[in-house]
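Notes for the one structure printed next.
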Amino acid sequence: MKHKADAEAKVLPLELVEKILVWLPVKSLIRSRCVSKQWLSLISDSRFAILHYDTADAAPTNKNTRLLYLSSEVPEARCVDLEASIRGDYALQLPLSCRQFSLSILGSCRGFILLRIHVNGAPLLLWNPVTGSHRSVPYPIIDPVPSWVGFFGSSNKLWGGLGYDESCDDYLVVVGWGNDQEWEPHWEYFSVRTNSWEEIECGHLPPHLVTIDCALFCNGVLYWLAVKYMKVNVVIAFDLAGKHLSMVSFPTSGGSRLLKLFAGCLGISYLNFTEDQKIEIWVMKELSWTRLNVVLPYAYGIHPLCFTKGELVGTKNNELVKVSDKGVSVESLRISCHDNDSKMVMFTESLLSLPDEFGGTGKEQGK
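Per the working numbering, residue 1 is the first one in the sequence shown, and the count goes up by one each step.
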């Protein structure tokens, strides 16, 4: 049987096979590795992983986009294919080092999830849910006992994000922290390629600033929804190539805001608490804001996540819901996820690996 498969695999030139395989979803590729030694070698090649990711990312609709959430009932992560029925969620195996602990999500980028383990002394964790590969990232050493790392009932706050610097083929982990007494946040970034931390200049930012949402990575920039002193909302941006922080103004005034990605663009959904309570969605394209032609009554109680096949996907209490552009419910899924800001993230499935500190490919595997 094996010889037959090898013979059939040789019917098509490998170059043509590659052009076909780059369009397959990740799960199909993983199964296809069993077809032949040639296919196994091709699909396992880091060059193919990059080509596959770039092909999907450039498509009008990225069919490898998934929603991942951390269950609050059992220590597991669950995944939802938003292009299919949202009721078909399935479990993912967390790395062994963090399965028994409370976790939160700080961001995602190119198929990797940045996890925070809520245990004193535990590092941050970079994890590819598809391949199971992961890598720990130690916190920066600020003083002999960095009390802010613990954050158990204290006034210390910690936030972060994950992005990719295409100019030097490097992943950056960005963290910031402060406390309720001083409120002068400190920021640093970690280079996965050099395995080192660097401080980020943030003196030009206003004091009393803390992020209140999971970071979003879009077009070389990390974004956080943040709140200043006196409860004024702003967007903080970190340019990975330039290594600098800035603030982005909102398109209009409004009520409560949620920061999300819509069709590959930074998006703001406004929950306008006016007489006709509406949800308005704006996206940033080429540094200017544009309002989408989607306005839903907030009476539905939906917090938007993304669009798929003309339908809006969002959360409502402890449910994941799909609604039409008229606000008609299409389907729903009850999820055990109480804190959506830090327990839920959109990510793109990929076969990519992380570079190690020596410039190679990270191979640490989850067990």
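Heads up, the beta-carbon is just placed ideally off N, CA and C, and yes, glycines get one too.
- The Cβ-Cβ distance between Cys-202 and Trp-187 falls below 8 Å.
- In the three-state scheme derived from DSSP, where H, G and I count as helix and E and B as strand, Trp-23 is classed as coil.
- Lys-63 and Ser-28 have their alpha carbons spaced roughly 12 Å apart.
- When DSSP states are grouped into helix, strand and coil, Arg-78 belongs to the strand group.
- Residue pairing from DSSP places His-186 in a beta bridge opposite Trp-177.
- Here Val-227 is not near Ala-237, since their CB atoms are 8 Å or more apart.
- By the beta-carbon neighbour count (other beta carbons within 10 angstroms, threshold 16), Asp-54 is exposed.
- Boundaries of the beta strand (DSSP E) around Phe-307: 303–308.
- The C-beta of Val-192 has 16 or more other C-beta atoms within 10 Å across all chains shown, which makes the residue buried.
- By the Cβ neighbour-count rule, Pro-129 is buried, with 16 or more other Cβ atoms within 10 Å of its own.
- When secondary structure is reduced to three states using DSSP, Asp-57 falls in the helix class.
- Taking 8 Å as the cut-off, the beta carbon of Thr-348 is found no closer than this to the beta carbon of Gly-161.
- Beyond the five residues adjoining it in sequence on each side, Thr-290 comes within less than 7 Å, by CB distance, of Trp-282, Val-283 in the same chain, given in chain order.
- Leu-261 and Phe-217 have their C-alpha atoms roughly 9 Å apart.
- Contact check for Ser-32 against Leu-21 passes: the beta carbons are separated by less than 8 Å.
- Counted as a single uninterrupted DSSP element, the alpha helix (DSSP H) harbouring Ile-43 occupies residues 37–44.
- Judged by DSSP secondary structure, Val-345 falls within the beta strand (DSSP E) whose first and last residues are 344–348.
- Taken through DSSP and simplified to helix, strand or coil, Phe-101 comes out as coil.
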